[in-house]
Amino acid sequence: MSERDADWQLVQRVQRGDKRAFGVLVDKYQRRISRLLSRMIRDPADIEDVAQEAFIKAYRALPNFRGESAFYTWLYRIAINTAKNHFAAQGRRAQTVPSVDVEDPDGAVEGPQLSDSATPDSLYQSKQVGLAVNRAIDKLPEELRTAIVLRELEGLSYDEIAAAMDCPVGTVRSRIFRAREAIAQELRPLLDTRDDQRW
Amino acid sequence: MNSASKLRSPAQSGDPCCREELLSGWLDGEAHPHECSAMLDELLAGEALRRKAAEWSICGDALRSHETVTDPSPGHSRRVCERIARALEAEPALLAPSALQPRHMARRIAGGLAIAAAVAVLAVVVVPQVRTNAGQAVVAASGGARPATLVAGTAPGAARARAARSPDGEAPDPSLDPYFLAHGNYASGVMPAAAVYLRHGPDDR
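These protein sequences, in sequence, are chains F and L.
So that you can map any letter, position 79 of the first sequence is 79 in the working numbering, and since no number is skipped, the others follow by simple counting.
So that you can map any letter, position 78 of the second sequence is 1078 in the working numbering, and since no number is skipped, the others follow by simple counting.
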């Protein structure tokens, strides 16, 4: 089982008629999709429009999604196609398409630095987030730092981390949870997270 | 997922902190299968857990790339989520075929197997019989004014001819043999079962 399986469980709930599960997927992926779109579209209002359209298209197409690929890979392609349609409707081409790999969702997430369309605000915020993450990581005890890095950056399973750190799997889970909490606490002031969102 | 068996279940953990720890594991796909459904129910029902899940997803993204969690414009994420939530309210709830219960799927599979079995029976038993009967009817009809009793071969491949005799024991008319041969040659292409019938005179027996 993997993170992909957690998404698949949410997808299956949506397919059975539970819209709230789609809300969890939106919470999880809207930033990545918005970031992807910001590499193709300059106008922030257009980014919002296309992001909304991409998610609604995905929701409508979800009955046909059978989990053959990861949900994010599927969503990523829908977002790319929605952006292309957006440009086609406006009779123009994406300004920064070359910085987006249409076949590599992971590369798009971790890809090149901010595009030319980045505003001073977003540049400043990105710098602040980077500083906060580094601060949070520096503050973590070594065993927590190792566990979260092996999980989030190296993509190791809990079993693999337990083997690498020579500790029980339950300890790994606890360390990763505590590391996440510490990083979230550091980042919270910088993030526009919602307190009252209802799906 | 081997590790999951070592994790405690939500039922065993009334402590909110422990439930959050379980949620953290579930997000990583490291929860035990029997925990997943209960965890998902709690996640969808509880706003606090959902907020935690969203925050941790952002933390993961931030570790991998600072810019991923940066809004393209101030308030972008909040607005996008609100717009999608409003748009979703207007959308009907889904009911995908893939969401059918396993019991329903089993019924469908059983129905398909029953149909396949029926087709197989038709192909193996009924069709050869129909072919044989059709061959007999064609040859019988070709007897014209002097109907003959024709004895069919056991199978089209066993094209050993049997003699055909008239019911009253009268000797067959040899002048009709070319006709039956020609008919047999023609009909064997269209109706292979007809190829096994040949009319023979008494000397051939």
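Every residue, glycine too, gets a C-beta built ideally from N, C-alpha and C.
Remember, it's a predicted structure, so these values are computed and weren't measured experimentally.
Task: Contact check, L/G1025 vs F/I161, beta carbons under 9 angstroms - done: Counted from its first residue, the second sequence places residue 1025 of chain L at position 25. Counted from its first residue, the first sequence places residue 161 of chain F at position 161. Going by C-beta atoms, L/G1025 is not nearer than 9 angstroms to F/I161.
TODO: Between the Cα of L/L1027 and those of F/R42, F/K19, F/W8, F/L36, spot the shortest distance and give me the residue it belongs to.
DONE: Locating residue 1027 of chain L in the second sequence gives position 27, where the first residue counts as 1. Out of F/R42, F/K19, F/W8, F/L36, F/W8 has the C-alpha closest to the C-alpha of L/L1027.
- [ ] Would you mind reading off the limits of the alpha helix (DSSP H) that contains F/F55?
- [x] Here residue 55 of chain F refers to the residue found at position 55 of the first sequence. Residues 44-61.
- [ ] Throw me the rounded Cβ distance for the F/A51 and F/I33 pair, which I believe falls under 8 angstroms.
- [x] Translated into positions along the first sequence, residue 51 of chain F becomes position 51. Translated into positions along the first sequence, residue 33 of chain F becomes position 33. The Cβ separation is near 6 angstroms, so the contact holds.
Task: Alpha-carbon to alpha-carbon, F/L10 and L/R1051 - done: In the second sequence, residue 1051 of chain L corresponds to position 51, counting from 1. In the first sequence, residue 10 of chain F corresponds to position 10, counting from 1. In a straight line, the C-alpha of L/R1051 is about 16 angstroms away from that of F/L10.
Task: When F/A45, F/Y29, F/R35 are compared against F/W74, the one with the closest alpha-carbon - done: The sequence position of residue 74 of chain F within the first sequence is 74, counting from 1. Cα-wise, what sits closest to F/W74 is F/Y29.
- [ ] Reducing DSSP to helix, strand and coil, say where L/L1023 ends up.
- [x] To locate residue 1023 of chain L, count along the second sequence from 1; it is residue 23. Secondary structure at L/L1023: helix, using DSSP grouped into helix, strand and coil.
Task: Short-range partners of chain L found in the region 14-26 of chain F, where Cβ spacing is below 8 angstroms - done: V14, Q15, R16, G17, D18, K19, R20, A21, F22, G23, V24, V26
Task: Continuous alpha helix (DSSP H) stretch holding F/T73: start and end - done: Reading the first sequence from its first residue, position 73 is the one you call residue 73 of chain F. Element bounds for F/T73: 71-90.
Task: Residues from the region 1057-1071 of chain L in contact with chain F, defined by Cβ distance under 7 angstroms - done: Residues of the region 1057-1071 of chain L that bring their beta carbon within less than 7 angstroms of a beta carbon in chain F comprise S1057, I1058, C1059, G1060, D1061, A1062, L1063, R1064, S1065, H1066, E1067, T1068, V1069, T1070, D1071, in sequence order.
Task: For L/H1034, three-class secondary structure by DSSP - done: Residue mapping note: residue 1034 of chain L aligns to position 34 of the second sequence, counting from 1. Residue state, collapsed to three classes: helix.
Open item on the list: Just to confirm, is the Cβ distance from F/Q125 to L/D1061 under 9 angstroms?
Closed with: Mapped onto the first sequence, residue 125 of chain F falls at position 125. Mapped onto the second sequence, residue 1061 of chain L falls at position 61. Against a cut-off of 9 angstroms, the Cβ pair of L/D1061 and F/Q125 comes out as no contact.
- [ ] Report the residue from F/F65, F/Y59, F/Q15, F/E143 whose alpha carbon sits nearest the alpha carbon of F/C167.
- [x] Taking the first residue of the first sequence as position 1, residue 167 of chain F is located at position 167. Of the candidates F/F65, F/Y59, F/Q15, F/E143, the one whose C-alpha sits nearest the C-alpha of F/C167 is F/E143.
TODO: Between the Cα of F/A54 and those of F/R42, F/R13, F/R31, F/T146, spot the shortest distance and give me the residue it belongs to.
DONE: Locating residue 54 of chain F in the first sequence gives position 54, where the first residue counts as 1. Residue F/R31 is the option with its Cα nearest to F/A54.
Task: Neighbouring residues, chain F, relative to L/H1034 (Cβ below 8 angstroms) - done: Reading the second sequence from its first residue, position 34 is the one you call residue 1034 of chain L. Here the premise fails: no neighbours, minimum Cβ distance about 12 angstroms.
TODO: Report the residue from F/D5, F/A45, F/L123, F/R13 whose alpha carbon sits nearest the alpha carbon of F/E68.
DONE: Taking the first residue of the first sequence as position 1, residue 68 of chain F is located at position 68. Residue F/D5 is the option with its Cα nearest to F/E68.
Task: Members of the region 32-43 of chain F that neighbour chain L once the beta carbon cut-off is set at 7 angstroms - done: R32, S34, R35, S38
- [ ] Could you list the residues in the region 1077-1096 of chain L with a C-beta less than 7 angstroms from some C-beta on chain F, going in chain order?
- [x] S1077, R1078, R1079, V1080, C1081, R1083, I1084, A1085, A1087, L1088, E1091, A1093, L1094, L1095, A1096
TODO: Take F/P44 and list the residues in its own chain whose beta-carbon comes closer than 7 angstroms to its own, dropping the five residues that flank it on each side.
DONE: Position 44 of the first sequence, counted from the start, is the residue given in the question as residue 44 of chain F. When the five nearest sequence neighbours on each side are left out, no beta carbon in the same chain lies closer than 7 angstroms to the beta carbon of F/P44.
Open item on the list: Let me check understanding here. Comparing Cα to Cα, which of L/P1074, L/L1094, L/P1092, L/A1087 lies closest to F/T119?
Closed with: Against the first sequence, residue 119 of chain F aligns to sequence position 119. Nearest option by C-alpha distance: L/P1074.
Open item on the list: So that I know if they touch, is there some Cβ in chain L lying closer than 9 angstroms to that of F/R135?
Closed with: For the purposes of this step, residue 135 of chain F is taken as residue 135 along the first sequence, with counting starting at 1. Taking Cβ atoms only, chain L never reaches closer than 9 angstroms to F/R135, which makes this a no.
TODO: Would you kindly report the start and end of the unbroken alpha helix (DSSP H) that includes F/N134?
DONE: In the first sequence, counting from the first residue as 1, residue 134 of chain F sits at position 134. From DSSP, the alpha helix (DSSP H) with F/N134 extends over 120-139.
Task: Where L/V1127 falls, given that 16 or more other Cβ within 10 Å makes a residue buried - done: Stepping through the second sequence from its first residue, residue 1127 of chain L is reached at position 127. Label assigned to L/V1127: exposed.
Task: Short CB-CB distance (under 9 angstroms) between L/L1113 and chain F - done: In the second sequence, the residue the question calls residue 1113 of chain L occupies position 113. Taking Cβ atoms only, chain F never reaches closer than 9 angstroms to L/L1113, which makes this a no.
TODO: Note down, in chain order, every chain L residue with its Cβ under 7 angstroms from the Cβ of F/I78.
DONE: Here residue 78 of chain F corresponds to residue number 78 of the first sequence, with the count starting at 1. Those within 7 angstroms of F/I78 in chain L number zero; the least Cβ separation is about 13 angstroms.
Task: Interface partners of L/E1020 on chain F, CB under 7 angstroms - done: Translated into positions along the second sequence, residue 1020 of chain L becomes position 20. Simply F177.
Open item on the list: Helix, strand or coil, according to DSSP, for L/L1122 in the structure here?
Closed with: Taking the first residue of the second sequence as 1, we reach residue 1122 of chain L at position 122. In the structure shown, L/L1122 sits in a helix (DSSP, three-state: H, G or I).
TODO: Quick one: measure Cβ to Cβ for L/V1069 and F/V129, integer angstroms, because I've assumed they're closer than 8 angstroms.
DONE: What you label residue 1069 of chain L is simply residue 69 of the second sequence in a count that begins at 1. What you label residue 129 of chain F is simply residue 129 of the first sequence in a count that begins at 1. Contact flag correct, Cβ pair sits at about 6 angstroms.
Open item on the list: Between the alpha carbons of F/D138 and F/T146, how many angstroms are there, rounded?
Closed with: As a first step, residue 138 of chain F is located in the first sequence; it is residue number 138 there, counting from the start. As a first step, residue 146 of chain F is located in the first sequence; it is residue number 146 there, counting from the start. Their backbone Cα atoms lie some 11 angstroms apart in a straight line.
Task: Straight-line Cα distance separating F/A179 from F/P141 - done: Here residue 141 of chain F refers to the residue found at position 141 when the first sequence is read from its first residue. Here residue 179 of chain F refers to the residue found at position 179 when the first sequence is read from its first residue. Looking at the two C-alpha atoms, the distance is approximately 9 angstroms.
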